[in-house]
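Asker: So that we are looking at the same thing, I have put the structure below in structure tokens.
Numbering (the UniProt record's numbering), first residue to last: 1 to 116.
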């Protein structure tokens with residue numbers, strides 16, 4: 001069984017819409033945070049909540065390096081990367097375990113003060 005310690009992900013507002021590239025050590029939790037608008041930042045402001053692409057890494061440093069690389073790419077390259085793996089721009093959230101119930105659990109934890 002492979003253990004991953006870092007993830008790079010791309011969220012989109014819609015097909016060919018606004019893109020956001022991020023890095024995390026817990027992909028499901030971070031995607032749920034975006035979907036729940038826990039942070040009042042870029043993704044919340046521009047409604048960027050659809051997980052359209054992600055990569056997993058054995059170490060967090062490699063994930064950070066890949067995030068920096070992708071952020072330097074032009075928009076056309078990012079879109080080509082997404083469409084190579086996910087041509088329909090499907091929301092990949094459920095395949096990583098981000099269900100409505102999981103999102104509600106994350107919201108409940110934040111509201112109870114368990115995080116941040």
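Virtual Cβ for every residue (Gly too), placed ideally from N, Cα, C.
Apply the 10 Å Cβ neighbour rule to residue 54 and answer buried if 16 or more other Cβ atoms are within range, or exposed otherwise.
Answerer: It counts as buried.
Asker: Taking the C-alpha atoms as reference points, what is the distance between residue 40 and residue 84?
Answerer: Distance between the alpha carbons of residue 40 and residue 84: 31 angstroms.
Asker: I need the boundaries of the alpha helix (DSSP H) containing residue 81, first residue and last residue.
Answerer: Start and end: 75-85.
Asker: Could you give the distance in angstroms between the alpha-carbon of residue 97 and the alpha-carbon of residue 28?
Answerer: Taking the straight line joining both Cα atoms gives about 6 angstroms.
Asker: Using the three-state DSSP reduction, which class does residue 55 fall into: helix, strand or coil?
Answerer: The answer is strand: DSSP assigns residue 55 an E or B state.
Asker: Between the C-alpha atoms of residue 67 and residue 112, what's the straight-line distance to the nearest angstrom?
Answerer: One C-alpha to the other measures close to 32 angstroms.
Asker: Can you check which of these residues, 37, 86, 102 and 59, is closest to residue 49 by C-alpha distance?
Answerer: Residue 37 is the option with its Cα nearest to residue 49.
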